[in-house]
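Notes to accompany the following structure.
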Ligand code: SIN
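Residue numbers (the working numbering): 1021 to 1306.
Set out below in structure tokens:
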């Protein structure tokens, strides 16, 4: 098979054309997809009318799947490999626990010592307009830094916290925030990560980073804000507008992403994500 690819933006991403991820796929065919995944950082598969089981099976080709023990409220009870990102209220009318999942720049599971290598998000419902997702190329962000800044951050570790800040700010998620702190203590991750497969350096920062190891929040804040603003400049970013039956796969080791609040919250936005386990990185900070 020769894979047909269409670039999605200058910065990153490619659409994989004419592939049905629900169909059996040879090792060679998947090998081409995996190569494209490493080369482009994110892959878009359009028109994938697959079952939940097929979504999970295809995701397993990328590696072992997380059963989301560190986010127990957010996974589907019937399929723990699927993490829900939905604003659909609970049966008792209270807000969904995952209403604001992903609304900050982040790389999945960076707040654990086994951060995800990749994720595959399937769209079930999006509002009439908006509900888009932004992706940033963290290789490009790193490469564009001055030598002085590269030297400054070379040995820094960022302390990543789990939790959904926006939900807590709304007053609806205090209990969940407390639970998250118990299950997921703060984790220090290198600010510059070497991708284990490509060997390239990427920035590993985001809005879950509270401070740098050995520094106060006040000291760390300006540099964290600068690095996030730098990494998310339009020239490093692709904005995905979801269509029915899209599946987007991304490499968490060299990209970060953010679900936008660019829509009418009274309309349903429902996505489901598989999370592929990565290699150990970072350490718990006590
Ligand atoms: C996520 O952060 O995994 C979810 C992104 C999205 O819902 O667009």
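For every residue, glycine included, the Cβ atom is placed at its ideal position computed from N, Cα and C.
Leaving aside the five residues that flank residue 1300 on each side, the residues in its chain whose CB is nearer than 7 Å to its CB run, in chain order, 1133 and 1134. Secondary structure at residue 1119: coil, using DSSP grouped into helix, strand and coil. Distances from the CB of residue 1202 to the heavy atoms of the ligand SIN are all 7 Å or more. Cβ-Cβ distances below 7 Å link residue 1117 to 1093, 1094 and 1196 in the same chain, with the five nearest sequence neighbours on each side left out; the list follows chain order. In this structure the stretch 1247–1258 does not touch the stretch 1044–1054; the number of beta carbon pairs closer than 8 Å is below three. Of the heavy atoms belonging to the ligand SIN, none sits nearer than 7 Å to the Cβ of residue 1271.
When secondary structure is reduced to three states using DSSP, residue 1253 falls in the coil class, being assigned neither helix nor strand. For residue 1235, there is no enclosing beta strand (DSSP E), as DSSP marks it with neither H nor E. With respect to the 8 Å criterion, residue 1264 and residue 1143 are classified as neighbours on the basis of their beta carbons.
CA-to-CA, the gap between residue 1152 and residue 1199 works out to about 29 Å. Here the distance from the Cβ of residue 1277 to the nearest heavy atom of the ligand SIN is below 7 Å.
For residue 1076, the uninterrupted alpha helix (DSSP H) run begins and ends at 1072–1080, by DSSP. At a Cβ-Cβ threshold of 8 Å, residue 1127 and residue 1224 count as neighbours.
Following the DSSP letters along the chain, one finds residue 1209 inside the beta strand (DSSP E) bounded by residues 1207–1210.
Under the three-state reduction of DSSP output, residue 1215 falls in the coil class, being neither helix nor strand. Here residue 1065 carries a strand assignment [DSSP, helix/strand/coil].
With a cut-off of 7 Å, the C-beta of residue 1134 is classified as distant from the ligand SIN, since no heavy atom of the ligand falls inside that distance. Check the Cα spacing between residue 1266 and each of 1034, 1022, 1023 and 1030: the tightest is with 1034. With a threshold of 7 Å, the Cβ atom of residue 1122 counts as near the ligand SIN, since some heavy atom of the ligand is closer than that.
Remark: C-beta atoms of residue 1302 and residue 1208 approach each other more closely than 8 Å. Exposure of residue 1071 is indicated by the presence of fewer than 16 other C-beta atoms within 10 angstroms of its C-beta. Per the coordinates, the alpha-carbon of residue 1160 lies some 28 Å from the alpha-carbon of residue 1304.
In the DSSP assignment, residue 1279 falls within the beta strand (DSSP E) that extends over 1275–1279.
Apart from sequence neighbours up to five positions away, the residues of its chain that approach residue 1174 with a beta-carbon distance below 7 Å are 1212, ordered along the chain.
For residue 1268, the enclosing beta strand (DSSP E) begins and ends at 1267–1271. Between residue 1277 and residue 1082, the C-beta spacing is not below 8 Å.
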